[in-house]
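Asks: Those protein sequences? They're chains W and D, same order as listed.
For what it's worth, our numbering labels the leading residue of the first sequence as 1, then goes sequentially.
For what it's worth, our numbering labels the leading residue of the second sequence as 1, then goes sequentially.
Ideal Cβ placement from N, Cα and C applies to all residues, glycine included.
Below is one structure. I have some questions about it.
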Amino acid sequence: MARITELEINGTRRHLDADSDRTLLSVLRDDLALTGAKYGCGEGQCAACTVLVDGTPTKSCLTKVGAVAGKRILTIEGLAPSAHPAGQPEGKLHPVQEAFLEADAMQCGWCTPGMILGAVGLLARSPNPTDAEISSGMNGHICRCGTYPRIVHAIRLASKKAAKKGAHA
Amino acid sequence: MTRREFFAIVGGGIVVILIPDDSDAQESGGGARRGMNQRMPEQVSAWLHIAEDGSVTVYTGKVEVGQNARTSLTQAAAEELHAPIASIQLVMGDTALTPFDMGTSGSGTTPNMWPQIRKASAAAREMLIDLASQKWTVDRAAITVADGKVRAGERSAGFGDLTHGEKLARTIPAGAALTPAGQWQVAGKPVEKVNGRAIVTGAHPYAYDVHRPSMLYAKVLYPPSFGARLAALDSAAAEAIPGVKVVRQKISGQREAGADLVGVVAPDPSTAERALTALKAEWTPVNGQPSSKDVFAYFKQTAQNASSPRLDLAAYTVAYIAHVPLEPRAAVAEWSADGKLMVWTGSQRPFGVRSELAAEFGIPEDSVHVIVPDTGSGYGGKHQGDAAVEAAVLAKAAGRPVKRNWTREEEMTWAYFRPGGLLEAGGKVNPDGTLAAWEFHNYNSGPSSLGTPYRVADKHEQYHRTQSPLRQGSYRALASTANHFVRESVMDDLAHSVSMDPLEFRLKNLDNQRLRNVLTAAAERFGWSNRKRRPGRGFGLAAGTEKGGYVATCAEIAVTGSAVKVVRVVEAFECGAIVNPEHLANQVEGAVAMGIGGALFEHVDFADGQILTNRLGRYPVPRFADMPVIESVLLDRKDIPSAGAGETPIVGVAPAIANAIFDATGQRIRCLPLVANGLPALSAPSAPA
Chain W
1 MARITELEIN
11 GTRRHLDADS
21 DRTLLSVLRD
31 DLALTGAKYG
41 CGEGQCAACT
51 VLVDGTPTKS
61 CLTKVGAVAG
71 KRILTIEGLA
81 PSAHPAGQPE
91 GKLHPVQEAF
101 LEADAMQCGW
111 CTPGMILGAV
121 GLLARSPNPT
131 DAEISSGMNG
141 HICRCGTYPR
151 IVHAIRLASK
161 KAAKKGAHA
Chain D
1 MTRREFFAIV
11 GGGIVVILIP
21 DDSDAQESGG
31 GARRGMNQRM
41 PEQVSAWLHI
51 AEDGSVTVYT
61 GKVEVGQNAR
71 TSLTQAAAEE
81 LHAPIASIQL
91 VMGDTALTPF
101 DMGTSGSGTT
111 PNMWPQIRKA
121 SAAAREMLID
131 LASQKWTVDR
141 AAITVADGKV
151 RAGERSAGFG
161 DLTHGEKLAR
171 TIPAGAALTP
181 AGQWQVAGKP
191 VEKVNGRAIV
201 TGAHPYAYDV
211 HRPSMLYAKV
221 LYPPSFGARL
231 AALDSAAAEA
241 IPGVKVVRQK
251 ISGQREAGAD
261 LVGVVAPDPS
271 TAERALTALK
281 AEWTPVNGQP
291 SSKDVFAYFK
301 QTAQNASSPR
311 LDLAAYTVAY
321 IAHVPLEPRA
331 AVAEWSADGK
341 LMVWTGSQRP
351 FGVRSELAAE
361 FGIPEDSVHV
371 IVPDTGSGYG
381 GKHQGDAAVE
391 AAVLAKAAGR
401 PVKRNWTREE
411 EMTWAYFRPG
421 GLLEAGGKVN
431 PDGTLAAWEF
441 HNYNSGPSSL
451 GTPYRVADKH
461 EQYHRTQSPL
471 RQGSYRALAS
481 TANHFVRESV
491 MDDLAHSVSM
501 DPLEFRLKNL
511 DNQRLRNVLT
521 AAAERFGWSN
531 RKRRPGRGFG
541 LAAGTEKGGY
551 VATCAEIAVT
561 GSAVKVVRVV
571 EAFECGAIVN
581 PEHLANQVEG
591 AVAMGIGGAL
601 FEHVDFADGQ
611 ILTNRLGRYP
621 VPRFADMPVI
631 ESVLLDRKDI
641 PSAGAGETPI
651 VGVAPAIANA
661 IFDATGQRIR
671 CLPLVANGLP
681 ALSAPSAPA
């Protein structure tokens, strides 16, 4: 069986030894201790497992690890590395993370890492989305606690923050 | 635990031990005691520790499942300690460190634990003043505490300056005086979620994420249908896989999947999966179990206390639904060499899980340590310790720590469900619009909020226990949704029968002022009296009360062909003094969002002992596209003690939508979900019950 021995995750080359047909989600969580990507369904219905692969939101529960060899994988732990406790716990958050906190766009938080990465991908495609575009763009994500309107608000906030930053740049 | 043991665990400083009002009065002494071998009181509801470095830790057996208890309880401590939010840590749901707690359920955290933590914090503040008074030899009255500093004139000290070198414990009764809601500084304010940063960075380790050194991964073999018994097992192929151990063991506790626990453990999850697939099992099924189609007749057949109806009653049905917590059940179990068990699991009842484990292994409860990390939601669905028992049995057999994470399919098959129900109800109304008679029967779904809040002298209301083919249990607001759905649908019909406006009709028959207040507030924000009738649009409202909260919901729906879309929901909610307005609004909005699923389409299909809706692809839950505009109107009653808010806001959603469908189409739909397969054709009978 083909094996994967190296992945580029969060800007770092990580060495591992995994069957290429294992899911990216399992390899991240069980082999590399990157548990920010969550299992919610294993069938691509909830998107709690979303990571960015070459910048595109990707359901890691349906993605074979063999398919992402040589690609750039970004997990929630790498979105604002200095803010993660593995970095400096008080480090700066990504604007989308800040917006989720500001809008209180979560309850239990299980869907949140996937939501945030989905939102980062959405804003990269469409920097100034309408509420309807946010809603349809994020419709693959489930928040069972029902914070959807707050997530829409958070993504709009993040979009405004980015626009402001861009205007000042 | 003695005080010496306690201080040995937490270090020096000062500690406040809060005992409930109903425990032995002798425990409710006052003054600080320095006797180190005095036993801790048997009944303790919370304790609070200020360490020698001044850091504050509050210990409570409640757990955080997304309802923001961690934040609200931190606010409680900050309010009375006069200390910054960031200086306070909460240890929650840890059976070795926190006092016993029955469980995080019934919207009990805010009315019960929240004031207790405030009382413990107020007492700790007084102890700090005592210490400052002794150290500085100044009068207590000259000492103030603010922003985490104790001050008297020119003197100022951090908490740690005062607690350093101390080992003081004070036991206080729960009856201590508290800051009135009108004077709150930190409570009642929109404090940001205290664990928010850990969540948005992915750093928070949920039970599903827990990893222990040398840990093995487990899979469990479940029967192909409920009640099926294991007839034969061939595990040779599984055992031939390197590193795999197959365990077959009788379980003494009640277990839906039967008394035989068959599991595999392996060094990694994919090997465990392969081993599970390699097991060859033969099962003896149980035949003749009711299906989701005939279960309502089954409720009637198996009902207790059957009675003949006095009025004309309409029959309503309510489907079983699933909680679908996005984090499925999970546990990691680890045995120590001296026979002690440690388990990390997501649960609403850490101490209940501890009891289950102690009973399963016949060991004392204090040999079992259960830790509940903040959990990926529960909604009433995580009361039992199934995953914990599985992990512990397999860990014992393997002699290594074992992780047992449920799959989504296991979660949607072997967890318990919100009960289905058959309800029969009817009323009579006088020509002037006053209720003349009321009759209400609930078969199986439960008695929560069974009693009508409306004024009616002649009433008969009854809950009938029945048998349930599915494992059923608690759910957000329990049967209150079913009972409100039916009551508020019948009330709507009665209003229609005397050509009265639904709001006017309810107010005419309602004495309870708090319920009247939310009805009026919701209707006003919604623009009920100015609503514009037009084809394809409908407006409905519903109101009710549950667990000390009062709710009124107004819904606007759009009908296109057979499709129903909820366009706008306004919900007014009042639960006494508001603890955190932002988090309360979030709970109300979330309950509306979740309620839309159970109202419109969520339902568990089952037949021949199998759950057919066993995946999210087969059991849709609300998504972004299902969301209406949701507006919450929060009434703040600072004169009334705070009640919980995690459940009650869901109960008005289904009836408000049902009444809006009636308004738009003239069809009275008497089942939940209302439109699982779209609206019934207009010529078809509207009551499928």
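Look at the alpha carbon of residue 16 of chain W and the alpha carbon of residue 4 of chain W, and state the distance between them as a whole number of angstroms.
Replies: On the first sequence, residue 16 of chain W is found 16 positions in, with the first residue counted as 1. On the first sequence, residue 4 of chain W is found 4 positions in, with the first residue counted as 1. Using only the alpha carbons, I get a separation of about 7 Å.
Asks: Evaluate residue 717 of chain D with the Cβ neighbour count: other Cβ atoms within 10 Å of its Cβ, from every protein chain shown; 16 or more gives buried, anything less gives exposed.
Replies: Since the first and last residues shown for chain D are 1 and 689, residue 717 of chain D lies out of range.
Asks: Just by C-beta distance, which residues in the segment 38 to 53 of chain W are closer than 8 Å to chain D?
Replies: Taking 8 Å as the Cβ-Cβ cut-off against chain D, the residues of the segment 38 to 53 of chain W that qualify are 38, 39, 40, 41, 42, 43, 45, 46 and 48.
Asks: Use the C-beta contact count for residue 671 of chain D: other C-beta atoms within 10 angstroms, 16 or more gives buried, fewer gives exposed.
Replies: Reading the second sequence from its first residue, position 671 is the one you call residue 671 of chain D. When all chains shown are included, residue 671 of chain D counts as buried.
Asks: What distance in whole Å lies between the Cβ atoms of residue 79 of chain D and residue 125 of chain D, which are believed to be in contact at a cut-off of 8 Å?
Replies: Position 125 of the second sequence, counted from the first residue, corresponds to residue 125 of chain D. Position 79 of the second sequence, counted from the first residue, corresponds to residue 79 of chain D. Not really, about 10 Å apart at Cβ, beyond 8 Å.
Asks: Need the endpoints of the alpha helix (DSSP H) that residue 114 of chain D sits in, please.
Replies: As a position in the second sequence, residue 114 of chain D is number 114, starting the count at 1. Residues 114 to 136.
Asks: In the structure shown, what three-state DSSP assignment does residue 642 of chain D receive?
Replies: Reading the second sequence from its first residue, position 642 is the one you call residue 642 of chain D. Residue state, collapsed to three classes: coil.
Asks: Mind checking if residue 116 of chain W is an interface residue toward chain D, Cβ cutoff 8 Å exclusive?
Replies: Along the first sequence, one-based indexing puts residue 116 of chain W at 116. Yes, because at least one Cβ of chain D sits closer than 8 Å to the Cβ of residue 116 of chain W.
Asks: Where does residue 158 of chain D fall in DSSP's three states?
Replies: Taking the second sequence and counting its residues from 1, the one referred to as residue 158 of chain D is at position 158. Correct three-state label for residue 158 of chain D: strand.
Asks: Relative to the C-alpha of residue 678 of chain D, which candidate in D:561, D:236, D:626 and D:664 has its C-alpha closest?
Replies: By 1-based counting over the second sequence, the position of residue 678 of chain D is 678. Looking at the Cα atoms, D:561 is the closest of the given residues.
Asks: Tell me whether residue 234 of chain D sits in a helix, a strand or coil according to DSSP, three-state version.
Replies: By 1-based counting over the second sequence, the position of residue 234 of chain D is 234. Note: residue 234 of chain D maps to strand in three-state DSSP.
Asks: Is there at least one Cβ from chain D nearer than 8 Å to residue 139 of chain W's Cβ?
Replies: Here residue 139 of chain W is taken as the residue at index 139 of the first sequence, counted from 1. Yes - at least one Cβ of chain D is within 8 Å of the one on residue 139 of chain W.
Asks: What does residue 203 of chain D reach in chain W if we use C-beta pairs closer than 7 Å?
Replies: By one-based count along the second sequence, residue 203 of chain D stands at place 203. Chain W residues near residue 203 of chain D: 84 and 85.
Asks: Please compile the residues from chain D whose C-beta is within a distance smaller than 8 Å of the C-beta of residue 33 of chain W.
Replies: To locate residue 33 of chain W, count along the first sequence from 1; it is residue 33. Correct list: 211.
Asks: Quick one: list the residues of chain W neighbouring residue 739 of chain D, beta-carbon separation under 8 Å, in chain order.
Replies: Chain D is shown only over 1 to 689; residue 739 of chain D falls outside these bounds and no answer can be derived.
Asks: Strictly by DSSP, which residues pair up with residue 19 of chain W?
Replies: Working through the first sequence from its first residue, we reach residue 19 of chain W at position 19. Beta-bridge pairing links residue 19 of chain W to W:3.
Asks: Cβ closer than 7 Å: which chain W residues qualify as neighbours of residue 268 of chain D?
Replies: Numbered from its first residue, the second sequence carries residue 268 of chain D at position 268. Under the 7 Å cutoff, chain W gives 30.
Asks: What do you get for residue 29 of chain W, buried or exposed, if any count of 16 or more other CB atoms within 10 angstroms of its CB means buried?
Replies: Here residue 29 of chain W refers to the residue found at position 29 when the first sequence is read from its first residue. When all chains shown are included, residue 29 of chain W counts as buried.
Asks: Looking at residue 107 of chain W and residue 590 of chain D, is the spacing between their C-beta atoms short of 8 Å?
Replies: The count along the second sequence starts at 1 and reaches residue 590 of chain D at position 590. The count along the first sequence starts at 1 and reaches residue 107 of chain W at position 107. Cβ distance < 8 Å, so residue 590 of chain D and residue 107 of chain W count as in contact.
Asks: Out of D:427, D:398, D:64 and D:622, which one is the CA nearest neighbour of residue 105 of chain D?
Replies: Position 105 of the second sequence, counted from the start, is the residue given in the question as residue 105 of chain D. That would be D:64, whose Cα lies nearest to the Cα of residue 105 of chain D.
Asks: Report yes or no: do three or more beta-carbon pairs, one from the segment 409 to 417 of chain D and one from the segment 271 to 286 of chain D, lie closer than 8 Å?
Replies: The segment 409 to 417 of chain D vs the segment 271 to 286 of chain D: no contact.
Asks: Find the residues of chain D that neighbour residue 106 of chain W, judging by a C-beta separation of less than 9 Å, and give them in chain order.
Replies: Position 106 of the first sequence, counted from the start, is the residue given in the question as residue 106 of chain W. The contacting residues are 66, 193, 196, 199, 200 and 586.
Asks: Cβ closer than 7 Å: which chain W residues qualify as neighbours of residue 593 of chain D?
Replies: Sequence index remark: in the second sequence, residue 593 of chain D carries index 593 (1-based). In chain order: 146 and 148.
Asks: Is residue 101 of chain W close to chain D? Criterion is C-beta to C-beta, closer than 8 Å.
Replies: Here residue 101 of chain W refers to the residue found at position 101 of the first sequence. Output row for residue 101 of chain W: interface = yes.
Asks: Assign residue 307 of chain D to one of two classes, buried (16 or more other C-beta atoms within 10 Å of its C-beta) or exposed (fewer than that).
Replies: Counting from 1 along the second sequence, the entry for residue 307 of chain D is found at position 307. Exposed, since its Cβ has fewer than 16 Cβ neighbours within 10 Å.
Asks: Per DSSP, which one or two residues make a beta bridge with residue 557 of chain D?
Replies: Counting from 1 along the second sequence, the entry for residue 557 of chain D is found at position 557. According to DSSP, residue 557 of chain D bridges with D:538 and D:566.
Asks: Between which two residues does the beta strand (DSSP E) holding residue 19 of chain D run?
Replies: By one-based count along the second sequence, residue 19 of chain D stands at place 19. Counting along the chain, the beta strand (DSSP E) containing residue 19 of chain D begins and ends at 13 to 19.
Asks: Could you pull out every unbroken alpha helix (DSSP H) segment of at least 4 residues lying fully inside the segment 88 to 126 of chain W, listed in chain order?
Replies: DSSP runs (the alpha helix (DSSP H)) wholly in the segment 88 to 126 of chain W: 95 to 102 and 112 to 125.
Asks: Which residue from W:20, W:23, W:57 and W:7 puts its Cα closest to that of residue 113 of chain W?
Replies: As a working note, residue 113 of chain W is residue 113 in the first sequence. Selected option, being the one with the closest Cα: W:57.
Asks: Rounded to a whole number of angstroms, what is the C-alpha to C-alpha distance between residue 546 of chain D and residue 82 of chain W?
Replies: Here residue 546 of chain D corresponds to residue number 546 of the second sequence, with the count starting at 1. Here residue 82 of chain W corresponds to residue number 82 of the first sequence, with the count starting at 1. Those two C-alpha atoms are separated by around 45 Å.
Asks: Can you give me the C-alpha to C-alpha distance between residue 40 of chain W and residue 375 of chain D, rounded to a whole angstrom?
Replies: Within the first sequence, residue 40 of chain W is the residue found at index 40, counting from 1. Within the second sequence, residue 375 of chain D is the residue found at index 375, counting from 1. Near 13 Å, if we compare the C-alpha coordinates of residue 375 of chain D and residue 40 of chain W.
Asks: For residue 630 of chain D, decide whether its Cβ has a neighbour in chain W, counting only Cβ atoms nearer than 8 Å.
Replies: One-based indexing of the second sequence puts residue 630 of chain D at position 630. Yes - at least one Cβ of chain W is within 8 Å of the one on residue 630 of chain D.
Asks: Which first and last residues belong to the beta strand (DSSP E) in which residue 57 of chain W is found?
Replies: By 1-based counting over the first sequence, the position of residue 57 of chain W is 57. Run containing residue 57 of chain W: 56 to 59, per the beta strand (DSSP E) assignment.
Asks: Taking the beta strand (DSSP E) that residue 263 of chain D belongs to, which residues open and close that run?
Replies: The count along the second sequence starts at 1 and reaches residue 263 of chain D at position 263. Segment 260 to 266, the beta strand (DSSP E) holding residue 263 of chain D.
Asks: Taking only beta-carbon atoms, is residue 408 of chain D less than 8 Å away from chain W?
Replies: Start at 1 with the first residue of the second sequence, and residue 408 of chain D comes out as number 408. Closer than 8 Å: yes.
Asks: Residue 537 of chain D and residue 555 of chain D: beta carbons closer than 8 Å?
Replies: Counting from one through the second sequence, the residue named residue 537 of chain D turns up at place 537. Counting from one through the second sequence, the residue named residue 555 of chain D turns up at place 555. For residue 537 of chain D and residue 555 of chain D, no; Cβs fall outside 8 Å.
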